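Down below is the structure, laid out as structure tokens.
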Amino acid sequence: MRGRAAIPVDPPRELTALAARARAAHLAVLASACWPESTADQIPPPLPGFVSSSFSPIVAEVAKRALRRVPQRGPEVVTAVVVVSALGDVASAAQVAEAVDTGGRVWPLMFFQSVPNAVAGHVAARRALTGPIVSVCAPEAGIEVAALLLEDGDADEVLVAEVDLEPADGAGARGAAVLLGLRARSGLGGAA
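Read in the UniProt record's numbering, the sequence shown has 16 at position 16, and its numbers run on one by one without any break.
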């Protein structure tokens, strides 16, 4: 997209649905982000330690974008990370399956990156987030876990990132993230 201005795109349905589920659970949406956000979002930025799949880079990118959009976060804020994905990193899983099926060698790095908690831990470490880390499959479960973490006092905020790749190769992957808090504590109704 060199030489052209990035054109905003409509938020993916994942972001709209994620924010709606959060509001239905009486949670405040403190910030949100999605992939893609504009026509410039073609390939997610590389993520050290995660290769050959866009799953983890998209999780990290939407998390970074959402966290950057929050005004005044203090170091004492405990932020949990919840990764939601119905299928996980299908691109990495397909590569591992192909290598096993053909008697090929599986890179040790592939085992690490095929676990959704690996990118959740990476996001937490890079962003100095000190709350619990959870991975779930069902979209509804992500918001339920976030609500429990907030209501039980295990976290002041919960970053929920939802990413699913196209089953074939991950092309056209979409993702969303919302940073959530309790409405009473934040005083916000939130907007996505």
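Ideal Cβ positions, reconstructed from N, Cα and C, are used throughout, including at glycine. Quick caveat: nothing in here was measured; it's all calculated off a predicted structure.
Per DSSP, the bridge partner or partners of residue i
i	result
Asp164	Arg174
Thr79	Glu157
Leu47	Phe50
Trp107	DSSP, once it has assigned bridges, lists no residue as partnering Trp107.
Leu180	Val29, Val158
Ser38	Pro8
Val136	Val84
Proximal residues to residue i (C-beta, below 6 Å), its chain only, five neighbours per side dropped
i	result
Gly88	Pro116
Ala6	Ser38, Thr39, Ala40
Val78	Thr130, Gly131, Ala155, Asp156
Pro11	Cys34
Leu47	Ser56, Pro57, Ala60
Buried or exposed by the 16-neighbour rule on C-beta atoms within 10 Å, applied to residue i
i	result
His26	exposed
Leu109	exposed
Ser38	exposed
Thr102	exposed
Arg13	exposed
Val158	buried
Gln113	buried
Arg23	buried
Val163	buried
Ala128	exposed
Ala97	exposed
Pro8	exposed
Arg21	buried
Ile43	exposed
Gly49	exposed
Gly104	exposed
Pro71	exposed
CB contact flag (residue i, residue j, <8 Å)
i	j	result
Leu15	Ala176	yes
Val81	Ile133	yes
Val178	Ala66	yes
Cys137	Ala86	yes
Leu150	Gly181	yes
Val119	Val83	yes
Arg69	Ala31	yes
Glu99	Val90	Per the sequence presented here, residue 99 reads as Ala, with Glu not at that position. For Ala99 and Val90, no; Cβs fall outside 8 Å.
Close-in-space but distant-in-sequence residues of the same chain around residue i (CB under 7 Å, 5 per side omitted)
i	result
Pro45	Pro57, Glu61
Ala124	Val81, Ile133
Glu166	Gly172, Ala173
Ser135	Val83, Pro116, Asn117, Ala120
Cβ shell of residue i (< 8 Å), same chain only, five flanking positions each side left out
i	result
Ser92	Ser52, Ser53, Phe55, Met110, Gln113, Ser114
Pro75	Ala128
Gly153	none
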